[in-house]
Every structure is written in structure tokens, then in C-alpha cells.
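Shown next, in C-alpha cells, is the structure this report addresses.
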Amino acid sequence: MSTTTAAAATTEAAPAALSAKGLRVAYGDVEVVRGVDLVVRPGERVGVVGESGCGKSTVALALMGLLAAGGSVTGGVVSVSGTRVDYRDEKALDRMRGSQLSLVFQDPLTSLDPVKSIGAQIAEALRRHSPRTSRAAVRARCAELLTAVGVPEPERRLKQYPHEFSGGMRQRALIAIAVANDPAVLIADEPTTALDVTTQAQVVDLLDSLVDRLGVAVVLVTHDIGLVSEFCDRVLVMYAGRVVEEVPSTALFGGAAHPYTRALLESLPVPGRPRGEDLAWIPGAPPPLAALPPGCSFAPRCTWAQPECAAGTPPRVVVPGAPGRGAHEVHAAECRRALEVVTSGRPADRQEEPRG
Amino acid sequence: MSATSTTTSTTTRPGAAALRRGGGALLGVLATLLLASVVSFVVLRAVPGDPARLIVGPLATPDVLAGVRTQLGLDDPLWLQYLRYVRDFATGQWGYSYSNGADVTAVMAARLPATLELALWAFLFAVVGALVVATVASFRGGAVAAAAKVVSLIGLGTPQFWVALVLILVLGSGGLGVLPGPSGRLTSFLEPPPHVTGLYTVDGLLAGQPIVFSDALAHLALPAISLAIIPGAFLTRLLTANQLDVARAPFVTVVRSKGVSRWAAHRRHVLHNALLPSVSSAGLVLASLITGSVLVESVFNWPGIGQVLVQGIQRQDFAVVQAFVLLSAVLYVAANTVADLAVALIDPRLRVSGGSR
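The listed protein sequences correspond, in order, to chains A and B.
Be aware that the first sequence starts at 1, since it is given in the numbering used here, and climbs by one per residue.
Be aware that the second sequence starts at 1, since it is given in the numbering used here, and climbs by one per residue.
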């Protein structure tokens, strides 16, 4: 799988749980996702990271076919379990949503209908895809699901309403809804952002155990690169609507090939850092998507940038992997200096002011 | 909708909480009624004119005039008159009309059903119309929503009596003649149905007289529509705004992510959430329909309390006007309280919770 887009499907034996090739999304005239490739194998944990506004949540919603009004998929091919998704066929989309592809949303406090019981909201997902199930069977399955996501006393909890649940419990209920029909892929969009740190860890553990128990693949969309490196097998780093680096998480720390990934990692707070030393940060802000700079869109903020970076689209450079790494565990970055970035520790001109 | 509707909290004492809330509501009701009674009492006494003079006529001697004043209690201190007025209202003795001596309680009792029936049908038209228009507008959006907005704005600004006249001229006896014009509640050759509720449509159905029912409904149609237009437009705006608001909530996206179609998600979740805050407004709309039908009643010659009120004001008939004002206040407060209780019953967030989050 090098620069061509069709290679992945042929190298995989089983069809990918989810495959998006050259996905493009536009809001009006502004293209916010500019050709994203994302392949998720069954039972795989894939992370998508990036700053706010880089298009990662848009990718999640676009895959579900649930973009806000004004947004539309303008290009690309998406397949779920080998079947191509037609985003104009609402009926087919409704059948796919929840049964093959499901979503866990950012804010558990606003993601549940406040006037319906938790049980009714889980049951809705079940009934939608198996309408002939008996009432008792649905009830039993709801309780089973709540137990599976770690909510105690499921029988009592099913009758309660969202306001009677804590934030962490609501996120568990939402995960129960998402896995109710054994989907192939669960897209989790910032599932822990609104939760406190302890609850975050519990929710991540829960997702982890669901991958092991149910074999569901998880796409974890987050700005938290630390979380992604712990939870995921592979990480996609997004910047200004493109995947700028695709890296196995074992190679993430120490082996990042894109200056942006490296900068994200360096800006993580590390325990034991000397007092008074400023945390590393990335100067500037992501470019407005309506007016992207020519060439590499990260170049204006990049300490590695050379004059030619502003000239043409950066090439996709494949980083030679460690021996024994699987074919799918490609490590590639869209940067003409990717190989230099991997081998060198810090860029020589790191102290200089960024260009721009 | 789920069958699990009985929610009882095991950790809190819902009884105590409900009692506290009910007590607070009762205090509010009493305060409102007190204020309304004071205002109506003071305003009526403040306007110029002497009811005793109206009763005895311009030729009566001062002695007779003074006698009547004493008899009516108009010489007593104001606070005493006020207390007597409150006592009489509470006990259902609303006095006698100064102008024609009729028992006000009896007049009101005889006239209220006509007004109630008109108001209830107008309410039905307003609510159903608003629900349909608002739901379609908020679901379809775009040009449909814009058109609904324009129509509801026009509806809000249209004078009732003008609509009433136009309806009579176009559909009623003056025009197409498909519906009866301003000719009361029933065609003259029909007997009113046996009195049960006083509402001819309901009584007609109860008595098994479909002809009475349909005739009463035909007579109701035009006045009820005239009366329904303004509150209907108001409810349309409210329901549209609420639904558009709810439709943007993240939980709707979650519902869609289960595979629920956009229409089913709208119907089950958006509509349900949007209706809850509208219930209390609907209560006030109903109260305003009952007490605000004066103009329409005049145009359609409708034998309701509105006409009695107009005559009462013209003749400075304290007893009639006071009774009407207080009755209106009671109706408003009752409708408001019932609506609040209904919301508390159907909104799970208000249902239990005695101190929980």
C-alpha cells in the first residue's frame, strides 16, 4: 500500500470492517475534509487525532452519513464490511446505522433524550433492526447490555431517566446503545472529553474490553494523543482536513515522521518536567480551510519547513518499518523531510522562530 | 413510547416534595386571586358614575336614591364593601344586576356553557392547526418554514372581528352559504339536546342526536375559527421555534445513529421534547380563549358571557363586571395550575426528584 488508493483492499484477505478512500467533505464551498483514507480491519483500534477544526469529527459524522445541514460528502468511496455505502440512499443508510456502523458521541450529558427512559432509548436501537423481537426479549437484552457496559442493577437503571444518571453512567448507556446490534465498527467521537479523568480511564477500559469480547472495531476520534497511543493499534494524525501521518502506535513515540505529530507529542505535559520550563507548544493556529496556504498546509507553522515546502503538495513518504510488522501496519507521512524527522531527534533549527 | 411510566424514587421522599410543591402552588394561586379581586374592585369603584342613579333613573328623588345606595351597601366603607364582595363571590352569590335585577350567578351559569363550548373548539382548532403547521414547517425547513412563518405572522396581526366578518361574507350566509351565519348556537327549529354538560356538541353526542351535533358544530365552525386564528398563530410560532431548537440537540444525532429515520426521530423525540414547554402556554391560551371571546361573540350573535359583559360595562353594572373579572382570574389561575401539574406529570425531570440532581 503505497501512494495508490486501491492497494489496501487487495492486500487484505478479509474485507475491511470499514474502508474510506479519498473521502472528501464540503460545507458549502469550503472543503473541510480533503481526501482522507481510512481502513479499519475487524476488531482493530484506530485512532484519529488532531487539533480542533482539523476535520476529525467531520470524518466521523460523514462516515455515518449524519453531517449537519449544509455539509455533504463530495468525493470518495466508503465501504462497510465490503459493501459500498451510497450516501444518497437514506433508507439503506438507516439500515446500516446502528447495525453495522454506530456512533458514540462527545457529550454524554446532551446525547440522551431527556424525556425517555434509558431502557426505551436502548430498546429503540434494538427494535429498529429486529422489529419482531418480543417485548420481554428486548427487555432482557437491554438489561444484558447495561450489565455488559458495567452499569449495576440494570433492571432498576433501565426505568430511570438520563437526569438520574451520572456523566460516566450516561456514556456507558450510550455505548450500550451503540453496541446493541453488534456493529462491525464503533466510531467514538471524543468519548471521554466531557468526563473527569477517573471516569475517562473507566470508559477507555470499557471500550477496550468490548473490542476483546465483541470483536467490534473502534475508531477513536480525539485530540488526546496520549489516550490514542495507549488505546489504539494504529493512529491517523489529521491536519487541515488531511491525514498527514499514519503510524502504528508502537512507533508513535520516538518514531513520528511528520513534524506536526512530533510537535503534538512534544506539547504533551510530562510528569517530572523541571519547574519553570515552558511546555512546548505549536506556534500559530491551523490555517482557515477556506484559504489554505499553497503546498504543505502545515509549512507556515513548521520548524522543519524549507522553501520548497510551500511550493508543491508534499509527497507521501513511507517509513521503512521494523521487521515483523504486518503489511497493514504502514507508517507513512505526508512530508518531504519525513525520513529526516524520523532519524533525527530534534530539528537543528528548532530554536529559530517559525517561518510564516 | 415505553411502557415503563411508573417511576418512584426509593432514596427520596416524593410525597414530601410533592406536598411542598403543591403548597407553594396553592399560595401562588391565592395571591393571584387576591390581587385580581382588589384590582377589579378598585378599578370599578374608581370609574365615574353612580350605579344607584342608574337603577332608580334620572327622575328619582334624592331620598329614593339614598335609600337604594344604603340598600346596595354603597355607603359602607370601601374595605367593608370589599370583604362583602369577596365573601359573596366565594359563596357563589354574585349579586343582582343593577340594571335589570337578574341574578348574576344564574346569568353566568346560563351563559358560560356557550362561551366554554366556543372556546374549547377554538382551542382544538388552534392546537391541531398549530401542531400540523409547526411540525411540517420545522421538519421540512426551507421554503415551507418561511411560508409558515409569514402566514403565522399575518395571523398574529389580524383583527378577530375582521376575520369574523370576512368568514361570514365568504363562507357564511352572505356568500357561499356553506355554513350558517351569525345565528346563535343552533338552527331555530332544532331543540337543544338534554342538558348534561351544557355543551351542545357533547350533549348532542351523548343523547345520540347526530343532527344536533353536526348542526351545533356547523354553527360553531366560523366563530371558533375566527377565535382560533391568533392563538393558533402564536402556538405555531412557539412550536416551530421549540422543534427547530430541539432538532439541533446532539441526542437527535444519536437517535439517527441508531438507524432511526429522520421522520421517526422527529416524531418520537423532537416533537415530544418540543411539546413539554408548550403545555403551560397552551393552558394560558385556553384561558384567554374563554375570557377573550367578547368581539367574536358580538359578531356572531353568540349567547355567551361576552355579551353580558359588554352590556354590564355599558350600564356600569358592578355586579356583572366584577363577577366576570373574578371569574376570568379564577379561570386563568386554574388553567395555569392544571397546565403546570400536567407538565409535572408528563416531564420525567419534574416528576420525582426531591433534592436529587
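All residues carry an ideal CB built from backbone N, CA and C; glycine is no exception.
Given that a residue counts as buried once 16 or more other Cβ atoms are within 10 Å of its Cβ, and exposed if not, what is His195 (chain B)?
Per the 10 Å Cβ criterion, exposed.
With 8 Å set as the bound, which would you pick, yes or no: does the beta-carbon of Asp182 (chain A) sit closer than that to a beta-carbon of chain B?
Taking 8 Å as the threshold, the shortest C-beta distance from Asp182 (chain A) to chain B does not fall below it.
Ends of the alpha helix (DSSP H) at Lys56 (chain A)?
Start and end: 56-64.
Round the Cβ separation of Phe253 (chain A) and Arg45 (chain A) to the nearest angstrom and send it over; I've been treating them as touching at under 8 Å.
The C-beta distance from Phe253 (chain A) to Arg45 (chain A) rounds to 17 Å, too long to meet the 8 Å contact threshold.
Terminal residues of the beta strand (DSSP E) in which Val210 (chain A) lies
According to the sequence as given, residue 210 (chain A) is Leu; it is not Val. That residue, Leu210 (chain A), is in no beta strand (DSSP E); its alpha helix (DSSP H) goes 197-214.
Just reading off the beta strand (DSSP E) that Pro248 (chain A) is part of, what are its end residues?
Counting along the chain, the beta strand (DSSP E) containing Pro248 (chain A) begins and ends at 242-248.
Compare the C-beta of His163 (chain A) against all C-beta atoms of chain B and say whether one is closer than 8 Å.
At least one CB of chain B lies nearer than 8 Å to the CB of His163 (chain A).
Bounding residues of the alpha helix (DSSP H) (the contiguous stretch that carries Ser138 (chain B)):
Element bounds for Ser138 (chain B): 104-140.
Mind checking Gly208 (chain B): buried by the 16 CB within 10 Å criterion, or exposed?
That one is exposed.
Looking at the unbroken beta strand (DSSP E) that takes in Asp37 (chain A), where does it start and where does it end?
Membership of Asp37 (chain A) in the beta strand (DSSP E) is indicated by the continuous run 30-40.
Going along chain B in order, which residues have a C-beta closer than 7 Å to the C-beta of Thr110 (chain A)?
In chain order: Ala249, Pro250, Phe251.
Status (buried if at least 16 other CB within 10 Å, exposed otherwise) for Gln243 (chain B)
Looking at its Cβ environment, which holds 16 or more other Cβ atoms inside 10 Å, Gln243 (chain B) is buried.
Contact between the segment 115-122 of chain B and the segment 220-239 of chain B: three or more CB pairs below 8 Å?
The answer is yes - the segment 220-239 of chain B touches the segment 115-122 of chain B, with three or more Cβ pairs under 8 Å.
Please look up how many angstroms separate the CB atoms of Ala257 (chain A) and His331 (chain A), rounded, as I've assumed it's under 8 Å.
About 7 Å separates the two Cβ atoms, so the contact holds.
Status (buried if at least 16 other CB within 10 Å, exposed otherwise) for Pro287 (chain A):
Looking at its Cβ environment, which holds 16 or more other Cβ atoms inside 10 Å, Pro287 (chain A) is buried.
Is Arg349 (chain B) close to chain A, meaning its C-beta is less than 8 Å from at least one C-beta of that chain?
Closer than 8 Å to some Cβ of chain A, the Cβ of Arg349 (chain B) qualifies, so yes.
Under DSSP, the beta strand (DSSP E) around Arg45 (chain A) begins and ends at which residues?
First-last of the beta strand (DSSP E) with Arg45 (chain A): 45-49.
Beta-carbon gap between Phe234 (chain B) and Val285 (chain B) smaller than 8 Å
Their beta carbons are under 8 Å apart, which means Phe234 (chain B) touches Val285 (chain B) by this criterion.
In angstroms, rounded to a whole number, what distance separates the CA positions of Gly184 (chain B) and Val320 (chain B)?
Gly184 (chain B) and Val320 (chain B): Cα-Cα distance of roughly 22 Å.
Assigned secondary structure, Ile282 (chain A) (DSSP; H/G/I helix, E/B strand, else coil)
If DSSP states are grouped into helix, strand and coil, Ile282 (chain A) belongs with coil.
What residues from chain A crowd round Lys149 (chain B), counting only those whose CB sits closer than 8 Å?
Close partners of Lys149 (chain B) in chain A (Cβ separation under 8 Å) are lacking, with about 17 Å as the shortest Cβ gap.
Using only CA atoms, which one of B:Ser281, B:Thr61, B:Val212 lies nearest to Ser188 (chain B)?
Ranking B:Ser281, B:Thr61, B:Val212 by Cα distance to Ser188 (chain B) puts B:Val212 first.
Under 8 Å, do Ala370 (chain B) and Ala137 (chain B) count as touching if we go by C-beta distance?
A query on residue 370 (chain B) cannot be resolved here, the shown segment of chain B reaching from 1 to 357 and no further.
Any idea which residues DSSP pairs Glu334 (chain A) with across the strands?
According to DSSP, which records beta bridges pairwise, Glu334 (chain A) is partnered with A:Arg316.
Please confirm whether Val128 (chain B) has its beta-carbon closer than 8 Å to some beta-carbon of chain A.
For Val128 (chain B), not one C-beta of chain A is nearer than 8 Å to its own C-beta.
Output, in sequence order along the chain, the residues in the segment 262-277 of chain B whose CB is closer than 7 Å to any CB in chain A.
Result list: His269, His272, Asn273, Leu276.
Relative to the C-alpha of Tyr96 (chain B), which residue among B:Leu167, B:Ser152, B:Val333, B:Ile55 is closest?
For the residues B:Leu167, B:Ser152, B:Val333, B:Ile55, the minimum Cα distance to Tyr96 (chain B) belongs to B:Ile55.
Along the chain, where does the beta strand (DSSP E) containing Lys159 (chain A) start, and where does it finish?
Element bounds for Lys159 (chain A): n/a, residue is neither H nor E.
Below 8 Å on the Cβ atoms is my guess for Arg156 (chain A) versus Leu112 (chain A); work out the distance and round it to an integer in Å.
With 8 Å as the limit, Arg156 (chain A) and Leu112 (chain A) do not qualify as a contact, their Cβ atoms being about 17 Å apart.
In whole angstroms, what separates the C-alpha of Ala335 (chain B) from that of Ala287 (chain B)?
Distance between Ala335 (chain B) and Ala287 (chain B), taken at the CA atoms: about 6 Å.
Between Val115 (chain A) and chain D, is any beta-carbon pair separated by less than 8 Å?
The structure shown contains no chain D; its protein chains are A and B.
Should Gly354 (chain B) be flagged as near chain A, meaning a C-beta pair shorter than 8 Å?
Note on Gly354 (chain B): pLDDT 41, under 50, position unreliable in the model; the coordinate value appears next. So no, Gly354 (chain B) is outside the interface.
Would you mind reading off the limits of the alpha helix (DSSP H) that contains Thr261 (chain A)?
Per DSSP, Thr261 (chain A) belongs to the alpha helix (DSSP H) from 259-266.
Straight-line CA distance for Glu190 (chain A) to Gly215 (chain A)?
Across the structure, Glu190 (chain A) and Gly215 (chain A) are spaced so that their CA atoms are roughly 21 Å apart.
In terms of DSSP beta bridges, what is Arg315 (chain B) paired with?
DSSP lists no partner for Arg315 (chain B).
Within 10 Å of its beta-carbon, does Phe161 (chain B) have 16 or more other beta-carbons around it, so buried, or fewer, so exposed?
With a 10 Å radius around the Cβ and a threshold of 16 neighbouring Cβ atoms, Phe161 (chain B) comes out exposed.
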